[in-house]
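J.: Sharing a structure below in structure tokens format, with a few things to ask.
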Amino acid sequence: MSRRLPPRPEEWIDRKVKIDFWFEGEKFSAYKGDVISSALIANGQKILARSFKYHRARSTVSMANHDANVILETLTQTNIRADVTHPSAGARYQAVNTFGGLKKDLAQILNFFSALLPVGFYYKAFYRPRFLFPLWEKLIRGMTGLGKVNSDTDSWRQARKQLFVDVLIVGAGPSGIAAAEYLEKTGLKTIIADENDRVGGTLGYRHNTDQSAQQFKDATIKNLDNFSSVSTLPMHYAAGLYEGGTVPIVGPDGIKEVHTKALIIATGSYEQPAVFRNNDAPGIILLSAAERLMNRYSVLPCESAVILAGNPEAYERAKNLKKIGLRIVAIIDLSPVPKVHEKEIADARKAGIKVTKITSIVEASLRKGILDSITVITEHNQTEKIPCDGILMSVGWSPASSLLVQAGAKLSYLTSLEQVIPDEIPAGTYAAGQVNGIHEFKSKIDDGVAAANEAARFLGCDLPIIPRPKREDRAHSHPYPVSAHPKGKEFVDFDEDIQLNDLRTSWREGFNSVELMKRYSTIGMGPSQGKISNMNGVRVLAGLNKKSPGAIGTTTPRPFTHPVAIGALAGQRFRRYWRTPMHQCHQRMAANFEENGHWLRPMTYGAGSMQTLIEKEYAAVRDAVGIIDVSTLGKVELFGPDCIKLLEYAYTCKFDKLRTDMTRYIFMVDGSGVLIDDGVAARFSDDHFYITTTSSNAHTVVKQLRLFSDLLNLDIAIVDRTRQVGAFNVAGPLSREVLSKITSQSLSEADFPYLAVRELQIANVKARVMRVGFVGELGYEIHASANSAQTIWNALIEAGKPLGIMPFGVETQRLLRLEKGHIILGQDTDGMTTPFEVNLGWGVNLKKEQSIGKNSLIHLKTQTKRQLVGFECTNTRKLEILESNLIVEGDRILGRVTSVSYSPHRKGIIGLAMIDSIDASTEQICIKDSQGNLIDAQIVSTPFYDPENLRQLTS
Amino acid sequence: MKFFEFPLLGTRAISEFVPAHDDVLEPINLADNISAGDWVYERDSVPKITTEFWYHSTSQIWFKVERNTGTNQIYSAEVLRE
Amino acid sequence: MSMRLLKYAFIEDYAEDNWFNTPSDLKATYDVVIIGAGGHGLACAHYLAQDHGITNVAVLDSSYIGGGNTGRNTTIIRSNYLTPDGVKFYDQSIKLFKNLSCELDTNIFFSERGHYTLAHNTSTLRTARWRAEVNKHLGIKSEVVSPDEVLRACPEIQLDCGGSQAVEGALYHEPGAVARHDAVAWGYAKSASARGVEIHQHTPVTGINTDAQGISEVVTPKGVIKTRTVLSAVAGQTPSITKMVGIKTPIEIFPLQACVTEPIKPWLNTIIVSGSLHMYLSQSSRGELVMGAALDPMELHSRRSTFEFVTGLCDQVLDLFPFLSGVKINRQWAGMADMTPDFAPIMGTTPVKGFFLDSGWGTWGFKATPISGKTMANTIATNLNDPLIQSFNLDRFKNFNLVGEKGAAAIGH
């Protein structure tokens, strides 16, 4: 049977467009503009969902996303809020968290056992015997959780936008719109956002028969589109307020991060339910839900309605709904204060509506699962049962104040209003309208204008002060809309199925403050985060503690106001990719790349097992010539009279022995003496140096050098050339021969000795060349501008072809340097390694006046607790040892292996290990492999290859 | 997003900046009653107004910033080097 | 079926007695005053009473029970640390956790899930192996596993991480678990209360006085307490308390944020951590995905949430679990992490006689709740640092005897 009312001009639906969808296997028809719930209810569906814990029948309560009763899922989407989501054509919706479907939900049986499942029941059971807990947990996990997630679902992201405005108005109801209209006149750049499909708020339902309201609506809403400094954003909700005045507003196409100087919160309030036995039954809704259903979607919530009136506006609102088709059986007045609604009651009776004053609600009754009647105790102490299939509650409001509290406002309980209002709002943020405790239409407008005026003046506009309207001295909320029943089922929180007794039990068990009660009972912790349960919870707790609600306080509202999708938060996927100037060369040479921070570096080249490739490349370097791209190194040019001062502060060594046009190995420590980077320094003159750093620390070293130079006030220019300069290493006994083919300058030992730096023209390109020894062969590290580096690389490959030149990658480089006993920072050192532990004490000068970490190093020099040693296993060729395998001595852990490899030169396994300091006479260590086997190794001095460095001396 | 007006850069989000961890120069001489370990490791991390050094990585400039570590309010920002 | 639950069904209006002993007034003196009614402080009170018969104890808190980091952490429990000292310490904690529900007669939902620390490059894999080897040597079940094994444990994971920083392996730690953090605090509070310990909420400590013999008084707005023994177990507020007794520590306070999604049906049965992606997540028994990332970069004594945190986290989460786009984040919050230079706590005796510290818990505090309580109780009862915490003493920094955990910690979960 259809609940759709005849067409009305103000309705939000377009009856010309039909949308068909499925719900629980049944086909339904919606109009464009319908939300899923309105379409279901229009088509006579009574039960739309099952509750979380007891699987009781549920339907919508607020139609405003203030409740989370009706949550649906499809195969591709989960946790869909049916009250505020439009149906997609052809979609197949199911209610979440049912076992066997909505109608037959097998878990309904839990409702029967609810007495055994009191608040916090899971803390009191399921842990004995211990071995059964995993089974219980599995069962409980299966029962909790709402929608399912399908791991085949397509991934999506929405780019976020950044907007900068003078004023953001959240909420386009009467107050918000009034504020917008005022601000348009000031010219301040303003955005007004509203979570609904259309602006207007209560102008579209609660105040829709108020003539002045409708005039206002007609005049202003039309103008909004023509405003020049005010932009309107419907379908956007404000997720929270963050430091610095940032409010992300979430819309269908993504998040707009609004950075605003002033903020006007005109978000209205959450209508609150009454608490009585079976108040969660389908058909029992907030009066505003009925207003939305009827005005927006032309849907009748029920055939015969009972109105629960706990405030004066219930009457006017009831009358308005009667005008557009609601059949009202009776208005039940719950007000505890006699005569307070006298006038309204008289008017209603004159209009032919039955009004019954009551002292309490006994219960709502159901027949065959459908709401059937409400039983009350009248003012004359009589029990009266009123048949109805809808109970519309107008018993009070709680401000939608989370953003205000996030701004720093406090919530004070106003006894005259019987509700909390925002107080002590910091400058720059303003509350307007119902969120501010203003209920009268005219006052809402005035409040919006006054708030806008305050915001404008805050931003420097020279305007006369517009005073705020006074709040009515009249309660718009019932102070305690709670009727207890001995048989229970008076629900305070629908999300979590929390009954009145649960709160009482929590209180008696010691969880008697608002925070403890929340965490123990879980009130307010469900998907709707307590929008329509927290206030009643506070009222109940106040009663139990015999205090005023204001003294109880509230829990802290955290972002988000409504949940926000991960895909919307993630934003665009942006990742940095850096490539060296030789990247295409590597690709052409079939490099096998590995990620190194943002860089891609060749591990090896060609096809085949890693072992085979390394062997080939190793042989090329040791016997002929190899070339490796080291462009990822940090490179810094230093100019100025204070170069040495900076270097001697930042690095551990002294630079006076470094001669012009020579290089040396340098390393730096932090303030606690721990090694953090190493590299090479080249001196061109007293006021011109060039240094390299490790690839991963390039940025950090530059940062630190700049800091030191600023703090020491040095006369120096630091130029970070890391990404301007390409670099590569040509190494091997034939390297000089190859290089000399493409440069005319002399490369003789006399003209270009080991560790020297020269400026050469290579293949007609200017390059800076250093003789280095990292891999233990005659070698040249060539630095050239990124644009020209490839030219030199290609020229070298060409020139080296007849000599067997091969590119080699980082894996081979690792082996080559290991044979020379050279450490790799971050591999052979860790977050605590000092220079003394890795045989670098020779590079530490503690006589300098001031250098970073000096005081720590002085102390640490005398208490070196670990040392890096070289080891060798001659009895095995197979690499059973892995990096990080432990060095053990019985039960005791002595240290670990930091580098290990098969050495072609030594024809055995070699490696480096960081171990606790040992006696100088110790010759052996014991390595424990990953399977637990113990392997003996000899301690040997390094280098393992060419200890006399003869490879550097060739003529 | 918290913004602040910086010299040379204009208004920037403070998330663009990285604070210095070791932001004090190594002393030439430690006072007699302070050991190296104390000097390196001791902190006084109560909510208070502090002077910090912030690095803006894109422009590679260091700034000296006065900030309240309790409220996160920023009082001033200057280029570290005149 | 639990007898406890049956009482609720069959006895009208049944409720248990107040779990907590919360008298309105403070006594003039106590044998021990514990500052901080979080998991650690309450655990210590429980063990002081249970193991040592010391019950004339007051636990003070400026807010409500468990309202600090105990109620804000992401509940991950593990012992896969880098140093033998760390491993032994956290392993003992896990042993206590396993039996804690029974010991406290409160189900803390200790749920063994296994824990994967993903490695996205050779360097992290190397560190993962280092931890695994140390763990194995000490009898803890940790192992380096291949990407395929990660996929088997978590079939929904996207190993190539969207095209950069693919997963190359992981440190698998079998004992990894989660528990209900609030319940741990409440359980300890209940047990301590039953033995006579007093808990005073909303009672901040405004001063601590000393005399020639050491600690003498604790000052609160509700009165001055005479005592010779004070334990500070206040995590993010530690520097303010230590300042009262003139002690300096290396502790720095940084906000640590976390968030949860709406509840969804169970799909993630293990704990996933990625240092390179700066994120970690698990699924609670309520069905929410509980997620966190790295510390905020700047020192700040605040529990404010930032938008940068949640957007940055979601950006990374989708690299590992792309299908989560439509799942919604419900709520975010923060705690204040008391960080130390060596990622190890600061516990035990201090230069001030009678003043004991349980602090420096950074991002590793919840998992240590039982063992910290037990060892601090032993330390207080004997005035000697318990062997398990000797290397965590405050005096280690003076001589550069830092705990070696610095090698392993990425975001330390």
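From first to last, the protein sequence lines stand for chains A, B and C.
Under numbering that gives the first Met the number 0, the first residue of the first sequence carries the number 0, and numbering increases by one thereafter.
Under numbering that gives the first Met the number 0, the first residue of the second sequence carries the number 0, and numbering increases by one thereafter.
Under numbering that gives the first Met the number 0, the first residue of the third sequence carries the number 0, and numbering increases by one thereafter.
Ideal Cβ placement from N, Cα and C applies to all residues, glycine included.
None of the values given here were measured: they were computed from a predicted structure.
Taking residue 254(C) as the reference, which of 332(C), 192(C), 312(C), 264(C) has the closest Cα?
T.: 332(C)
J.: Which of the residues in the region 41–69 of chain B, read from start to end, lie with their CB under 7 Å from any CB of chain C?
T.: 41, 42, 43, 44, 45, 46, 68, 69
J.: Using the C-alpha atoms, what's the distance from residue 46(C) back to residue 674(A)?
T.: 42 Å
J.: Helix, strand or coil for residue 255(C) per DSSP?
T.: strand
J.: Identify the residues that DSSP records as bridge partners of residue 199(C): which are they?
T.: 59(C)
J.: Put residue 591(A) into one of helix, strand or coil per three-state DSSP.
T.: strand
J.: Whole angstroms are fine: how far does the CA of residue 394(C) sit from the CA of residue 388(C)?
T.: Take the alpha-carbon of residue 388(C) and the one of residue 394(C): they are about 12 Å apart.
J.: Measuring only the C-alpha atoms, how far is residue 859(A) from residue 850(A)?
T.: 15 Å
J.: With distance defined between alpha-carbon atoms, name the residue in 644(A), 296(A), 521(A), 619(A) nearest to residue 799(A).
T.: 619(A)
J.: DSSP puts residue 719(A) in a beta bridge; with which residues?
T.: 635(A)
J.: Could you tell me which chain B residues have their CB closer than 7 Å to the CB of residue 397(C), listed as they occur along the chain?
T.: 34, 36, 37
J.: If you follow the alpha helix (DSSP H) that residue 2(C) is in, where does it begin and where does it stop?
T.: 2–9
J.: List the whole-angstrom C-beta distance separating residue 224(C) from residue 25(C), where the pair is believed to meet the contact cut-off of C-beta under 8 Å.
T.: 6 Å
J.: According to DSSP, what are the bridge partners of residue 601(A)?
T.: 592(A)
J.: Would you call the CB atoms of residue 64(C) and residue 96(C) closer than 8 Å?
T.: no
J.: Can you name the start and end residues of the beta strand (DSSP E) that residue 63(B) belongs to?
T.: 60–67
J.: Can you grab the Cα-Cα spacing for the pair residue 137(C) / residue 883(A), in whole Å?
T.: 15 Å
J.: Report the option in 567(A), 1(A), 265(A), 383(A) whose CA atom is closest to the CA atom of residue 256(A).
T.: The candidate whose alpha carbon is nearest that of residue 256(A) is 567(A).
J.: Along the region 118–134 of chain A, what residues have a CB closer than 8 Å to any CB found in chain C?
T.: Here the close residues are 120, 121, 122, 123, 124, 125, 126, 127, 129, 132, 133.
J.: In this structure, does DSSP put residue 173(A) in helix, strand or coil?
T.: Here residue 173(A) sits in helix by DSSP.
J.: With DSSP collapsed to three states, give me the class of residue 194(C).
T.: Residue 194(C) falls in the coil class under three-state DSSP.
J.: Using a threshold of 8 Å, state whether the C-beta atoms of residue 629(A) and residue 726(A) are closer than that.
T.: yes
J.: Restricting to Cα atoms, I'd like to know which of 204(A), 61(A), 363(A), 287(A) is closest to residue 294(A).
T.: Taking the Cα of residue 294(A) as reference, the smallest distance to any Cα among 204(A), 61(A), 363(A), 287(A) is reached at 204(A).
J.: Hey, quick one: how far does the beta strand (DSSP E) through residue 728(A) stretch, first residue to last?
T.: 724–730
J.: Does the region 633–648 of chain A come into contact with the region 820–827 of chain A, if we say contact requires no fewer than three beta-carbon pairs (one atom in each stretch) closer than 8 Å?
T.: no
J.: Determine whether the beta carbon atoms of residue 1038(A) and residue 223(A) lie at a separation below 8 Å.
T.: The requested residue 1038(A) is not part of the displayed model; chain A covers only 0 to 954.
J.: Closest to residue 960(A) by C-alpha separation, out of 300(A), 275(A), 440(A), 336(A), would be which residue?
T.: What is shown of chain A runs 0 to 954, which leaves residue 960(A) out entirely.
J.: Is there contact here, the region 778–793 of chain A with the region 571–585 of chain A, by at least three beta-carbon pairs under 8 Å?
T.: The answer is yes - the region 571–585 of chain A touches the region 778–793 of chain A, with three or more Cβ pairs under 8 Å.
J.: Can you list the residues of chain A that residue 25(B) reaches, using a CB-CB cut of under 8 Å?
T.: 648, 670, 849, 850, 851, 852, 853, 854
J.: Using the three-state DSSP reduction, which class does residue 411(C) fall into: helix, strand or coil?
T.: Note that residue 411(C) scores a pLDDT of 32, beneath 50, so its modelled location is shaky and nothing firm can be said.
J.: Whole angstroms is fine: what's the gap from residue 741(A)'s alpha carbon to residue 795(A)'s?
T.: 8 Å
J.: Within the chosen definition, does the region 100–107 of chain C reach the region 120–132 of chain A through at least 3 CB pairs nearer than 8 Å?
T.: yes
J.: Closest by CA to residue 538(A), which one among 489(A), 790(A), 479(A)?
T.: 479(A)
J.: Mind checking residue 691(A): buried by the 16 CB within 10 Å criterion, or exposed?
T.: buried
J.: Could you check how far apart the C-beta atoms of residue 522(A) and residue 495(A) are, in whole angstroms? I think they sit under 8 Å.
T.: Rounded to the nearest angstrom, the Cβ distance from residue 522(A) to residue 495(A) is 7 Å, consistent with a contact under 8 Å.
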